[in-house]
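2 protein chains.
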Amino acid sequence: MAVRPRLTTAKVVDAALELIDEQGVEGLTLAAVAARTGVATPSLYKHVASLAELRGHVGVRVLEEMTDRFTRTVLGLSGDAAVEALMHAYRSYVRESPKRYAAMPMDPLHDELQQAAGVKLIEVMLATLRSYGLEGSDAIHATRRLRVIVHGFASIESGGGFGLPEGLDDTYDQLVRMYLTDLRGQS
Amino acid sequence: MAVRPRLTTAKVVDAALELIDEQGVEGLTLAAVAARTGVATPSLYKHVASLAELRGHVGVRVLEEMTDRFTRTVLGLSGDAAVEALMHAYRSYVRESPKRYAAMPMDPLHDELQQAAGVKLIEVMLATLRSYGLEGSDAIHATRRLRVIVHGFASIESGGGFGLPEGLDDTYDQLVRMYLTDLRGQS
DNA sequence: CGCACAGGCTAATGGTGTTAGCTTTTGAGC
DNA sequence: GCTCAAAAGCTAACACCATTAGCCTGTGCG
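Chains A and B, in that order, give the protein sequences.
Heads up, the first sequence is in our numbering, so the first residue is 78 and it goes up one at a time.
Heads up, the second sequence is in our numbering, so the first residue is 78 and it goes up one at a time.
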């Protein structure tokens, strides 16, 4: 037998993400990951402690992917242009990978494994608002409002909750303008 | 009606909701419902076609519960007072029954079983905005923005996504005011 | 050259949804 | 009041899942 390619935790997570993209979060099963990586199911336990832990790793990946993307989007921008770019990048990500977005942990700060990745994502949002000169809790509230809008829209859109997709771009533009106007009145 | 049934579909759904309140959506299992209703697991199929269909019934119940509650909240109010009351009632419901809220279907309009209940819930929101005199697509956009805010906040809060719960009331008040200001500028 | 061990395997257990087919109960009609 | 069809329960069985235990083997390191 030739040298069998060794499996790593990273490759297991890769397979998990492919599976999620194709079949949704519900389709992430150890049996399916094993089949895709060409290994017997119990062998996965050499790289992952449990299905729950694998889900955790997937969550970290998604958070990192979003952080990376939003960071590059916002680099070199400030003020309304930065916020607008961030909000559209958020929606773009979710439209490209709706199933993957559904695998994003809602409470990364309460999980040891995901905490760092969660903090980084929120810091990107905070940094995007830096040029508005918000201090202390004002900055926190502004970040929360931003999260509510982008996640609320993304959650409903990716879940097919908007009935007809007609005019969704307009709705999102209105939300962006609403938030920017609100930010301006705040400072 | 040859036989008086000891168990009915409604009672099965009742047990399912109790289970969800206690253990979350993930805890809803036919075996657990059977144990709670004092019946063998396969017997449930006499009242429910499958676990998926039971989830659908649960979703309808949650939608109806919310519709009923928000309707009573908003009755006799109009304008900003109505919107404000609706938004706070939404958050109250989710804080009282966070696990149950997670069982709310995201796309009720695409499910035959849930469509009617979903339409009614959205109509309550639309009616709440009636006094602003929005026409056609303006009304739709305004309803969508409202949904984005209330669901976005509820989703993050009930998922424990806000880190420390400190100042969450303030954040929500800011969102309410942001939406009301936006509505005013719209008309 | 030898050997520890990482990383694969098979077998087995307990949980799940679901189907098939049998039994019991009970109300409706004669 | 008796009969009987069907509603509503049951057990048995199957497929699929996660997980654990224990074995085997090749590889890299000393």
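All C-beta atoms, glycine included, are put in the ideal place defined by N, C-alpha and C.
Where residue i falls: helix, strand or coil (DSSP)
{"i": "residue 127 (chain A)", "result": "coil"}
{"i": "residue 85 (chain B)", "result": "coil"}
{"i": "residue 175 (chain B)", "result": "helix"}
{"i": "residue 164 (chain B)", "result": "helix"}
{"i": "residue 262 (chain A)", "result": "helix"}
{"i": "residue 240 (chain B)", "result": "coil"}
{"i": "residue 205 (chain A)", "result": "helix"}
{"i": "residue 153 (chain A)", "result": "coil"}
{"i": "residue 182 (chain A)", "result": "coil"}
{"i": "residue 219 (chain B)", "result": "helix"}
{"i": "residue 252 (chain A)", "result": "helix"}
{"i": "residue 192 (chain B)", "result": "helix"}
{"i": "residue 118 (chain A)", "result": "helix"}
{"i": "residue 103 (chain A)", "result": "helix"}
{"i": "residue 142 (chain B)", "result": "helix"}
{"i": "residue 133 (chain A)", "result": "helix"}
{"i": "residue 78 (chain A)", "result": "At residue 78 (chain A), the pLDDT of 38 sits below 50, so the modelled position is not reliable; the number obtained from the coordinates is stated separately. Looking at residue 78 (chain A) - three-state DSSP - the assignment turns out to be coil, as it is neither helix nor strand."}
{"i": "residue 96 (chain A)", "result": "helix"}
{"i": "residue 212 (chain B)", "result": "coil"}
Beta-carbon neighbours of residue i, restricted to chain A and to distances below 7 Å
{"i": "residue 97 (chain B)", "result": "In chain order: nothing, as chain A lies at least about 17 Å away."}
{"i": "residue 251 (chain B)", "result": "218 and 222"}
Chain A contact for residue i (CB, 8 Å cutoff)
{"i": "residue 77 (chain B)", "result": "Coverage of chain B is limited to positions 78 through 264, which leaves residue 77 (chain B) absent and any answer about it impossible."}
{"i": "residue 255 (chain B)", "result": "yes"}
{"i": "residue 145 (chain B)", "result": "no"}
{"i": "residue 244 (chain B)", "result": "yes"}
{"i": "residue 264 (chain B)", "result": "Residue placement at residue 264 (chain B) cannot be trusted, given a pLDDT of 45 that sits under 50; the coordinates are not used to answer."}
{"i": "residue 87 (chain B)", "result": "no"}
Chain B contact for residue i (CB, 8 Å cutoff)
{"i": "residue 259 (chain A)", "result": "yes"}
{"i": "residue 214 (chain A)", "result": "yes"}
{"i": "residue 247 (chain A)", "result": "yes"}
{"i": "residue 236 (chain A)", "result": "yes"}
Chain A contact residues for residue i, given Cβ-Cβ distances below 9 Å
{"i": "residue 239 (chain B)", "result": "184, 186, 221 and 224"}
Chain B residues whose Cβ lies nearer than 8 Å to that of residue i
{"i": "residue 232 (chain A)", "result": "183, 228, 229 and 232"}
Contact belief for residue i with residue j at Cβ below 8 Å, rounded distance in angstroms
{"i": "residue 96 (chain B)", "j": "residue 83 (chain B)", "result": "Not quite, the Cβ-Cβ distance comes to about 19 Å (not below 8 Å), so this is no contact."}
{"i": "residue 255 (chain A)", "j": "residue 224 (chain A)", "result": "The pair is not a contact, with the Cβ atoms about 15 Å apart (cut-off 8 Å)."}
{"i": "residue 102 (chain A)", "j": "residue 131 (chain A)", "result": "Actually they do not touch by this definition, with Cβ atoms about 12 Å apart."}
{"i": "residue 140 (chain B)", "j": "residue 194 (chain B)", "result": "4 Å"}
{"i": "residue 93 (chain B)", "j": "residue 135 (chain B)", "result": "5 Å"}
{"i": "residue 153 (chain A)", "j": "residue 208 (chain A)", "result": "Wrong, their Cβ atoms sit about 12 Å apart, outside the cutoff."}
{"i": "residue 206 (chain B)", "j": "residue 219 (chain B)", "result": "5 Å"}
{"i": "residue 265 (chain A)", "j": "residue 260 (chain A)", "result": "Residue 265 (chain A) lies beyond the residue range present for chain A, which begins at 78 and ends at 264; the question has no answer from this structure."}
{"i": "residue 98 (chain B)", "j": "residue 174 (chain B)", "result": "7 Å"}
{"i": "residue 183 (chain B)", "j": "residue 233 (chain A)", "result": "7 Å"}
{"i": "residue 236 (chain A)", "j": "residue 229 (chain B)", "result": "Contact doesn't hold; Cβ gap of about 12 Å is too wide."}
{"i": "residue 186 (chain B)", "j": "residue 240 (chain A)", "result": "5 Å"}
{"i": "residue 133 (chain B)", "j": "residue 191 (chain B)", "result": "6 Å"}
{"i": "residue 121 (chain B)", "j": "residue 107 (chain B)", "result": "6 Å"}
{"i": "residue 160 (chain B)", "j": "residue 257 (chain B)", "result": "6 Å"}
Cβ-heavy atom distance, residue i to the ligand ZN, below 7 Å
{"i": "residue 101 (chain A)", "result": "No copy of the ligand ZN appears in this structure; indeed no ligand is present at all."}
Is the region 206 to 213 of chain A touching the region 167 to 179 of chain A, taking contact as three or more C-beta pairs under 8 Å? no
Is the number of C-beta pairs between the region 109 to 127 of chain A and the region 176 to 186 of chain A that are closer than 8 Å three or more? no
For the region 191 to 206 of chain B against the region 142 to 157 of chain B, are there 3 or more C-beta pairs whose distance is under 8 Å? yes
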